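J.: Residues -25 to -1, 1 to 296, numbered by mature numbering (1 follows the signal peptide of the UniProt record, and there is no 0), are exactly what the sequence shown covers, in order. Each residue gets a CB set at the ideal place from its N, CA and C atoms; glycine is no exception. For clarity, every value in this text was computed on a predicted model and none was experimentally measured. I'd like to ask you about the structure that follows.
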Amino acid sequence: MTFGAHNLACKLIPLACAFSGAAAATPEWTEFAISADSTLFATHVVPDRQQRIREARVASALNLALDSGLFQLDTAYTLQSRVDRNMVEARNGVSEQLRARLHSQALDQMLGVQLGVNADGLRVAGGDSYRSRLAPVLSASIDGLARIDLGYEYRLEKPAENAVESTYSGYSVQLEGSLPWARDLSWSGRYSNADIFDDGSAFTRNVESYTLVSTYRFSESLELQLSAAVQENQKVLEAVTESSQQERYGTSLAWSPSPLLSLGLRLNALEQSLDDSRELFGGGELTFSPQPSWELSFSYGLQPAQEEAAWMLRTRYDFGG
């Protein structure tokens, strides 16, 4: 037996034993945890301060984590309602979202990689819009210096009542790590390529993006992050190709003066070649965690390409399990 075959056998034999043991016994969920979120989100028009609330959203979420010993399943259910400035429920204002992630710590340890499958679905009352997504991800460590993530995503969505159904299919490669001589400086780079086809349309859209993020930690409580992203869009119709490019630059500062309190500030710049526009926007978030089981956060920010500002109040409580 060659060294490679012996190596493979050493991994497959315990893997087969694990599967046979799992098949022989009746699976029982041995652990569970429940937590809940509630969110209030509102926007208002910047020039008209008198008309403060343009739209408000109230959301509640229920998270459930299950562990069978061989497989782990994390799920989250969110119910959201939108109301207008008169506190009247908007048309098709109720939406439901279900997210799930399936993985196996036992298989990850045997194979030396991490494999997970993410899935989620969103449905708006009345069936006017929906989204379904399936995204498996394979992760591995490179000599303890970097981590590589290989992902694929398939998405089927209809974003609005008068929009057409579109199919998204793409892959991504992400590499992240830190320098051996500068552990306080970490970095990550991501490349993605996807094709989007709109139902009833004669052309195909291709979206290619590059993202680079670097983070420097000055201390345990203070860190600075810089980011740059380039997105190239193409519309292909037979032999005709229409191209556009979008560039985004950002900086953010995170400060945690105590375990109970954290503050985050961000500033972003957006440039688009399609209309030769340049925009500057930003925001911030304040989080208060009096106990490990619950937290309260308030965030505020300006919306790009719109004369709007938005604020969000969010609470989270972990019931344990």
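What is the rounded straight-line gap between the Cα of glutamate 213 and the Cα of asparagine 168?
T.: Cα to Cα, glutamate 213 sits roughly 20 angstroms from asparagine 168.
J.: Just to confirm my understanding: we take glycine 258, look at its own chain, exclude 5 residues before and 5 after, and list those with CB closer than 7 angstroms. What are they?
T.: Excluding positions up to five away in sequence, the list reads Arg241, Ser274, Tyr275, Gly276, Leu277.
J.: Please identify the residue among Tyr185, Ser184, Thr186, Leu201 whose C-alpha is closest to the C-alpha of arginine 192.
T.: Comparing Cα-Cα distances from arginine 192 to each of Tyr185, Ser184, Thr186, Leu201, the minimum goes to Leu201.
J.: Quick check: arginine 130 and tyrosine 143, are their CB atoms within less than 8 angstroms of each other?
T.: In contact: arginine 130 and tyrosine 143 (Cβ atoms closer than 8 angstroms).
J.: Given a threshold of 16 other Cβ atoms within 10 Å of its Cβ, counted over all protein chains shown, does asparagine 243 qualify as buried or as exposed?
T.: Answer is buried; the Cβ neighbour count reaches 16.
J.: In angstroms with no decimal places, state the Cα-to-Cα distance between serine 264 and lysine 133.
T.: Each residue's alpha carbon lies about 37 angstroms from the other.
J.: Short of 6 angstroms in beta carbon distance, which residues of its chain neighbour glutamine 89, apart from the five on each side in sequence? Order them along the chain.
T.: Asp83, Ser114.
J.: Residues in its own chain within less than 6 angstroms of asparagine 93 by CB, not counting five upstream and five downstream?
T.: Excluding sequence neighbours, asparagine 93 sits near Arg76, Ala110.
J.: Could you round the C-beta distance between valine 139 and aspartate 174 to whole angstroms and report it? I think they count as a contact, below 8 angstroms.
T.: About 5 angstroms; that satisfies the 8 angstroms criterion.
J.: Note down the Cα distance separating phenylalanine 178 from serine 218, rounded to an integer number of angstroms.
T.: Straight-line Cα distance between these residues: approximately 13 angstroms.
J.: Would arginine 180 and glutamine 209 qualify as a contact pair, given that the criterion is a beta-carbon distance under 8 angstroms?
T.: Going by C-beta atoms, arginine 180 is nearer than 8 angstroms to glutamine 209.
J.: Compute the distance between the beta-carbons of valine 182 and serine 163, then report whether it is under 8 angstroms.
T.: Going by C-beta atoms, valine 182 is not nearer than 8 angstroms to serine 163.
J.: Where in the stretch 72 to 110 do unbroken runs of the beta strand (DSSP E), each at least 3 residues long, occur, reported from the N-terminal end onward?
T.: Runs of the beta strand (DSSP E) inside the stretch 72 to 110: 89 to 99.
J.: Identify, in the order they occur along the chain, each residue of the same chain with its Cβ nearer than 7 angstroms to the Cβ of leucine 235, setting aside the five sequence neighbours on each side.
T.: Excluding residues within five positions, the ones whose Cβ falls inside 7 angstroms are Phe263, Ser264, Pro265.
J.: Classify leucine 120 as helix, strand or coil using the three-state DSSP reduction.
T.: Note: leucine 120 maps to coil in three-state DSSP.
J.: Going by CA-CA distance only, name the one from Asp118, Val148, Arg106 that's closest to residue 299.
T.: Because residue 299 is not part of the residues shown, which for the chain are -25 to 296, the question remains open.
J.: Could you tell me how far apart the beta carbons of leucine 255 and serine 272 are, in whole angstroms, since I believe they sit closer than 8 angstroms?
T.: The Cβ separation is near 24 angstroms, so there is no contact.
J.: So, are the CB atoms of glutamine 47 and serine 79 less than 8 angstroms apart?
T.: Closer than 8 angstroms, so yes.
J.: Relative to the C-alpha of glutamate 195, which candidate in Leu120, Ser43, Arg158, Glu246 has its C-alpha closest?
T.: Checking every option, the nearest Cα to that of glutamate 195 belongs to Arg158.
J.: For serine 226, which of Glu198, Asp250, Val112, Arg291 has the nearest alpha-carbon?
T.: With the sequence shown as reference, residue 226 is identified as threonine, and serine is not the correct amino acid for it. Among Glu198, Asp250, Val112, Arg291, the Cα nearest to that of threonine 226 is on Glu198.
J.: For tyrosine 52 and leucine 37, which I take to be in contact (beta-carbon distance under 8 angstroms), what is that distance rounded to the nearest angstrom?
T.: So it is a contact: roughly 5 angstroms between Cβ atoms.
J.: Just verifying my parser: in three-state terms, what is the DSSP assignment at glutamate 132?
T.: If DSSP states are grouped into helix, strand and coil, glutamate 132 belongs with the strands.
J.: Which one of Tyr127, Trp230, Glu222 has the shortest CA to CA distance from tyrosine 146?
T.: The shortest Cα separation from tyrosine 146 among Tyr127, Trp230, Glu222 belongs to Tyr127.
J.: Enumerate in chain order the residues of its own chain whose CB-to-CB distance from arginine 223 is below 6 angstroms, with the five nearest sequence positions on each side excluded.
T.: The residues are Ala204, Leu245.
J.: Can you tell me whether DSSP reads glycine 68 as helix, strand or coil?
T.: Note: glycine 68 maps to strand in three-state DSSP.
J.: Could you pull the DSSP bridge partners for asparagine 137 from this structure?
T.: DSSP, once it has assigned bridges, lists no residue as partnering asparagine 137.
J.: Leaving out five residues before and five after glutamate 151 in sequence, what residues of the same chain have Cβ atoms less than 6 angstroms from its Cβ?
T.: Arg122, Ser163.
J.: According to DSSP, what are the bridge partners of leucine 237?
T.: According to the sequence provided, residue 237 is serine. The question's leucine does not apply to it. The partner list for serine 237 (beta bridge, DSSP) reads Thr262.
J.: Using C-beta distances below 6 angstroms, list every residue in its chain close to leucine 238, excluding the 5 sequence neighbours before and after it, in chain order.
T.: Within the same chain, leucine 238 has close Cβ partners Trp230, Leu261.
J.: Which value, in whole angstroms, describes the spacing of the CA atoms of asparagine 137 and glycine 96?
T.: Distance between the alpha carbons of asparagine 137 and glycine 96: 20 angstroms.
J.: Does the beta-carbon of valine 99 have 16 or more other beta-carbons within 10 angstroms, so that it is buried, or is it exposed?
T.: Valine 99 comes out buried.
J.: I need the straight-line Cα distance from glycine 119 to aspartate 49, nearest angstrom please.
T.: Each residue's Cα considered, the two are about 27 angstroms apart.
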